[in-house]
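Peer 1: Before anything else, here's the structure in question.
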Amino acid sequence: MPKRVMHELVRKCLLISRLCNKQIMDSALHLAKLMDDKSLLKKVQLLSGLALSNIVDDADDQNSSLTS
93 MPKRVMHELV RKCLLISRLC NKQIMDSALH LAKLMDDKSL LKKVQLLSGL
143 ALSNIVDDAD DQNSSLTS
């Protein structure tokens, strides 16, 4: 598959994963690994870490509002 198409798939996964969908973020990570693009992989891993921390922060906020 052409790299241009793979880059577009990663981009679309990242756009969709903004909704905090871990499976789609994992797909973006997997595609970046398949492309063997170290720079892209590093960027996707960074975004994945940020997205996961947002999920944890949101869960903590919801738990604290339930106990208040």
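Residue numbers (our numbering): 93 to 160. Cβ atoms here follow ideal geometry from the backbone N, Cα and C, with glycine treated the same way.
Taking M127 as part of the alpha helix (DSSP H), name the residues at either end of that continuous run.
Peer 2: K114 to M127
Peer 1: Please return the same chain residues whose Cβ sits closer than 8 Å to the Cβ of V102, not counting the five positions on each side in sequence.
Peer 2: A120, L123, A124, M127, L132 and V136
Peer 1: Taking only the alpha-carbon atoms, compute the straight-line gap between M98 and L142 and give it to the nearest angstrom.
Peer 2: Their Cα atoms are separated by approximately 22 Å.
Peer 1: Might you give, ordered along the chain, the residues of its own chain that have their beta carbon closer than 7 Å to the beta carbon of S140, omitting 5 neighbours on each side?
Peer 2: M117 and L121
Peer 1: Would D129 and K95 be called neighbours here (beta carbons separated by less than 9 Å)?
Peer 2: yes
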